[in-house]
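Visitor:
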Amino acid sequence: DIVLTQAPLSVSVTPGESASISCRSSKSLLSSKGITSLYWYLQRPGKSPQLLIYQMSNLASGVPDRFSSSGSETDFTLKISKVETEDVGVYYCGHRLEYPFTFGSGTKLEIK
Amino acid sequence: QVKLLQSGAELVKPGASVKLSCKTSGFTFSTSYMSWLKQVPGPSIEWIGWIYAGDGGTNYNQKFKGKATLTVDKSSSTAYMDLSSLTSEDAAVYFCASPGYYGPFDYWGQGVMVTVSS
Numbered sequence: 067d068i069v070l071t072q073a074p075l076s077v078s079v080t081p082g083e084s085a086s087i088s089c090r091s092s093k094s095l096l097s098s099k100g101i102t103s104l105y106w107y108l109q110r111p112g113k114s115p116q117l118l119i120y121q122m123s124n125l126a127s128g129v130p131d132r133f134s135s136s137g138s139e140t141d142f143t144l145k146i147s148k149v150e151t152e153d154v155g156v157y158y159c160g161h162r163l164e165y166p167f168t169f170g171s172g173t174k175l176e177i178k
Numbered sequence: 080q081v082k083l084l085q086s087g088a089e090l091v092k093p094g095a096s097v098k099l100s101c102k103t104s105g106f107t108f109s110t111s112y113m114s115w116l117k118q119v120p121g122p123s124i125e126w127i128g129w130i131y132a133g134d135g136g137t138n139y140n141q142k143f144k145g146k147a148t149l150t151v152d153k154s155s156s157t158a159y160m161d162l163s164s165l166t167s168e169d170a171a172v173y174f175c176a177s178p179g180y181y182g183p184f185d186y187w188g189q190g191v192m193v194t195v196s197s
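Going down the list, the protein sequences come from chains A and B.
Going by my numbering, the first residue of the first sequence is number 67, and it counts up by one from there.
Going by my numbering, the first residue of the second sequence is number 80, and it counts up by one from there.
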């Protein structure tokens with residue numbers, strides 16, 4: 067199985083500042099079709115996960131452009147610019163390159 | 080508008096089975112791959128498997144083979160997951176999820192907590 071390792075486990079951010087979350091894959095997530103199969107999700111407290119980013123760097127509909135993602139075939143970074151209180155929750159990276167689909171263990175974002 | 084409505088919380092005895100449901104609307108269920116996922120405190124999310132509503136074909140995470148059985152009822156656009164021989168390791172929140180334009184988990188149900196206790 068592909069292992070996704072996230073860091074840090076938690077991050078505390080002052081509103082208006084930026085935050086970065088790392089996700090490292092045990093295997094290249096570049097598919098044979100040239101698509102990088104890396105997704106980012108946010109799970110707000112008490113809610114279901116919601117999709118933020120698809121195919122490594124594309125924002126899902128309705129996601130503020132304060133969110134951005136980039137990376138290589140195995141190392142990825144989610145950046146949140148000008149953090150707001152609504153950004154609080156646990157961020158997960160995930161892939162769909164092959165079975166089984168797996169997720170990182172999550173990074174908790176808190177507001178200072 | 081896509082909606083996934085899951086059944087309510089379950090309290091089950093060790094060794095028993097439980098059937099969870101996920102009623103959908105707002106998309107073409109009969110051509111969708113419905114996934115189920117498990118979340119335990121930690122936190123972590125595990126993909127259990129998916130079922131193609133069109134023909135009932137399934138793909139399970141090896142870890143959950145023999146534990147989970149996925150079925151669908153196309154007439155009511157509902158997906159089901161049976162969990163058998165429950166132990167404390169099965170206590171978790173279970174989500175159903177459906178694909179969309181972006182990927183396999185574009186839409187999520189609200190989750191259902193399964194508690195295993197005598």
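From the three backbone atoms N, C-alpha and C, an ideal C-beta is built for every residue, glycine too.
From a predicted model like this one, the values you see are computed outputs, not experimental measurements.
#1: Ile-130 of chain B touches chain A at which residues, Cβ-Cβ below 8 angstroms?
#2: Are the C-beta atoms of Gln-80 of chain B and some chain A residue less than 8 angstroms apart?
#3: In angstroms with no decimal places, state the Cα-to-Cα distance between Lys-144 of chain B and Val-151 of chain B.
#4: Could you tell me which of B:Ser-177, B:Ala-176 and B:Ala-147 sits nearest to Ser-163 of chain B, measuring between CA atoms?
#5: For Gln-109 of chain A, count neighbouring Cβ atoms within 10 angstroms of its own Cβ and tell me buried if that reaches 16, exposed if not.
#6: Helix, strand or coil for Lys-99 of chain A per DSSP?
#7: Pop quiz: Thr-194 of chain B and Glu-89 of chain B are said to be a contact at Cβ under 8 angstroms. What is the actual Cβ separation, rounded to whole angstroms?
#8: For Ser-92 of chain A, which three-state DSSP category applies?
#9: With H, G and I counted as helix, E and B as strand and the rest as coil, what does DSSP make of Asp-152 of chain B?
#10: Could you give the residue range of the beta strand (DSSP E) that holds Phe-174 of chain B?
#11: Could you work out which residues of chain B lie near Pro-115 of chain A, taking near to mean beta carbons separated by less than 8 angstroms?
#12: Judging by CA-CA distance, which residue of A:Tyr-107, A:Gly-170, A:Thr-140 and A:Asp-153 is the nearest neighbour of Ser-78 of chain A?
#13: If the criterion is Cβ atoms closer than 8 angstroms, does the pair Leu-175 of chain A and Gly-155 of chain A meet it?
#14: 8 angstroms is my cut-off, CB to CB: does Thr-71 of chain A come that close to chain B?
#15: If contact is defined by three or more beta carbon pairs under 8 angstroms, each pair taking one atom from either stretch, is the stretch 80-97 of chain B in contact with the stretch 125-137 of chain A?
#16: Would you tell me roughly how many angstroms separate the C-alpha atoms of Trp-129 of chain B and Ala-176 of chain B, rounded to the nearest one?
#17: Say whether chain A places a C-beta atom closer than 8 angstroms to the C-beta of Gly-121 of chain B.
#18: Under 8 angstroms, Cβ to Cβ, is there at least one residue of chain A near Tyr-112 of chain B?
#19: Would you mind reading off the limits of the beta strand (DSSP E) that contains Gly-28 of chain A?
#20: Measure the alpha-carbon distance for Ser-109 of chain B versus Arg-162 of chain A and round it to whole angstroms.
#21: Mind checking whether Ser-38 of chain A and Thr-143 of chain A have CB atoms under 8 angstroms apart?
#22: By Cβ distance, which residues of its chain are closer than 6 angstroms to Tyr-131 of chain B, with the 5 residues on each side in sequence left out?
#23: From the DSSP output, in three-state form, read off Thr-151 of chain A for me.
Guide: On the basis of the coordinates in this document:
#1: What Ile-130 of chain B touches in chain A: nothing, since even the nearest Cβ is about 14 angstroms away.
#2: no
#3: 17 angstroms
#4: B:Ala-147
#5: buried
#6: coil
#7: 7 angstroms
#8: coil
#9: strand
#10: 171-177
#11: Ile-124, Phe-174, Phe-184 and Trp-187
#12: A:Asp-153
#13: yes
#14: no
#15: no
#16: 9 angstroms
#17: yes
#18: no
#19: For chain A, the structure presents residues 67 to 178; residue 28 of chain A sits outside this window and is missing.
#20: 22 angstroms
#21: No information on residue 38 of chain A is available, as it lies outside the stretch 67 to 178 that chain A covers here.
#22: Tyr-112
#23: helix
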